Amino acid sequence: MSQAILKDAAQLALMRRAGQLLAQVFADLDGFIRPGVTTMQINDRAEAFIVETLKARPASKGQYGFPYALNTSVDHVVCHGMPKADEVLGEGSIVNVDITLEQGGYIADSSKMYCIGQVSEEARRLVDTTYAALWKGIEQVRPGATLGDIGHAIQAHAEAAGYSVVREYCGHGIGTQMHEAPEVLHYGQRGMGLPLQAGMVFTIEPMINQGGRGTRGLRDGWTVITRDHSLSAQWEHTVAVTKTGYEVLTLRAEERPA
Numbered sequence: 001m002s003q004a005i006l007k008d009a010a011q012l013a014l015m016r017r018a019g020q021l022l023a024q025v026f027a028d029l030d031g032f033i034r035p036g037v038t039t040m041q042i043n044d045r046a047e048a049f050i051v052e053t054l055k056a057r058p059a060s061k062g063q064y065g066f067p068y069a070l071n072t073s074v075d076h077v078v079c080h081g082m083p084k085a086d087e088v089l090g091e092g093s094i095v096n097v098d099i100t101l102e103q104g105g106y107i108a109d110s111s112k113m114y115c116i117g118q119v120s121e122e123a124r125r126l127v128d129t130t131y132a133a134l135w136k137g138i139e140q141v142r143p144g145a146t147l148g149d150i151g152h153a154i155q156a157h158a159e160a161a162g163y164s165v166v167r168e169y170c171g172h173g174i175g176t177q178m179h180e181a182p183e184v185l186h187y188g189q190r191g192m193g194l195p196l197q198a199g200m201v202f203t204i205e206p207m208i209n210q211g212g213r214g215t216r217g218l219r220d221g222w223t224v225i226t227r228d229h230s231l232s233a234q235w236e237h238t239v240a241v242t243k244t245g246y247e248v249l250t251l252r253a254e255e256r257p258a
């Protein structure tokens, strides 16, 4: 994880294609995720869409021994939640769906929050603030900026709203491997850390807690929850550093300018 792998134009084109396909997976799930659906049904639908419709590979399945195509992290689950056949999404819950997809040898990684039915004002505010924090970080990306600029922008926005930033988990470089250099922290100081160069591709994926930033892992070896059982939210995109700024490779249709 010591040196970032710069992508050339041809490699970026393959990563852009993987990102566009991943955006289609979320579009398919948008009308499916609702009260009464189980997290395993979300997994099965996404896997079928990736494999059968898009002719791609769910890159998370089998990675480090993980058995499913995606993570579903509900309410106080911070990240790495495992889909379950008996976990039914109830009215008022929030869930992060985190998906990776590989096609043409390159991987895209993104996650999206879903509000299930009518959620509380507090839950909605957390989800919206976390999304805004993601974009505060993305907007720092350009050649000559630093990783610390990204982390500082995210941390400042989240903490100004009264929330805390999870520190045990971070974004990462991505390409032919899901996890490449550099590590992208979601907290930090301006001007500190690795300078950004055109051709870098990495994820930005802040995990923001409603309460304290402490976390703990469950016995399944994957699921991470907030230590105080407060709500947690996360959004993620795969971002390329361009000569003039950034390109969000996993941008979804609803995020594009009209």
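Just so you know, we're using UniProt numbering here: the sequence shown kicks off at 1 and counts up by one.
Every residue gets a Cβ at the ideal spot worked out from N, C-alpha and C, and that includes glycine.
Please read all numbers here as calculations on a predicted model, not as lab measurements.
Sequence-distant residues of the same chain with beta carbon closer than 6 Å to residue i, five excluded per side
{"i": "Leu185", "result": "Gly151, Cys170"}
{"i": "Ser93", "result": "Val74, Asp75, Ile116"}
{"i": "Pro83", "result": "Thr39, Met40, Asn43, Tyr68, Thr72"}
{"i": "Glu247", "result": "Ala240"}
{"i": "Gly104", "result": "Leu14"}
Classification of residue i by the beta-carbon crowding that lies within 10 angstroms, buried from 16 upward
{"i": "Lys243", "result": "exposed"}
{"i": "Ala160", "result": "exposed"}
{"i": "Met1", "result": "Its pLDDT being 42, under 50, Met1 is placed unreliably by the model, and nothing is read from it."}
{"i": "His229", "result": "exposed"}
{"i": "Tyr36", "result": "Reading off the sequence, residue 36 comes out as Gly, not Tyr. Gly36 is exposed by the Cβ-count criterion."}
{"i": "Met15", "result": "buried"}
{"i": "Leu126", "result": "buried"}
Proximity winner among the options, relative to residue i (alpha-carbon distances)
{"i": "Phe47", "options": "Lys61, Met82, Gly36", "result": "The displayed chain sequence assigns Glu, not Phe, to residue 47. Of Lys61, Met82, Gly36, the residue nearest in Cα terms is Lys61."}
{"i": "Ile5", "options": "Gly65, Gly117, Asn96, His172", "result": "His172"}
{"i": "Leu251", "options": "Asp109, Ala85, Thr53", "result": "Asp109"}
{"i": "Leu22", "options": "Thr129, Gly144, Thr53, Val95", "result": "Thr53"}
{"i": "Gln234", "options": "Val95, Ala56, Phe49, Gln24", "result": "Val95"}
For residue i, the three-state DSSP class (helix, strand or coil)
{"i": "Phe32", "result": "coil"}
{"i": "Arg125", "result": "helix"}
{"i": "Leu251", "result": "coil"}
{"i": "Glu180", "result": "strand"}
{"i": "Thr215", "result": "strand"}
Neighbourhood of residue i by C-beta distance below 7 Å, restricted to the same chain and skipping five residues each side
{"i": "Thr213", "result": "The displayed chain sequence assigns Arg, not Thr, to residue 213. For Arg213, where only same-chain residues beyond five positions count, the Cβ hits under 7 Å are Ser164, Val165, Val166, Arg167."}
{"i": "Gln189", "result": "Gly148, His152"}
{"i": "Ala198", "result": "Pro143, Val241, Thr242, Lys243"}
Other residues of its chain near residue i: CB distance less than 8 Å, five sequence neighbours each side excluded
{"i": "Arg227", "result": "Gly212, Gly214, Thr215, Arg216"}
{"i": "Leu196", "result": "Val141, Arg142, Pro143, Gly144, Ala145, Thr146, Leu147, Val241"}
{"i": "His157", "result": "Thr129, Ala132, Ala133, Lys136"}
Residue interval of the beta strand (DSSP E) (run including residue i)
{"i": "residue 263", "result": "The question about residue 263 has no answer, for the chain in this structure spans 1 to 258."}
For residue i, the first and last residue of its enclosing alpha helix (DSSP H)
{"i": "Ala153", "result": "147-160"}
{"i": "Asp44", "result": "39-48"}
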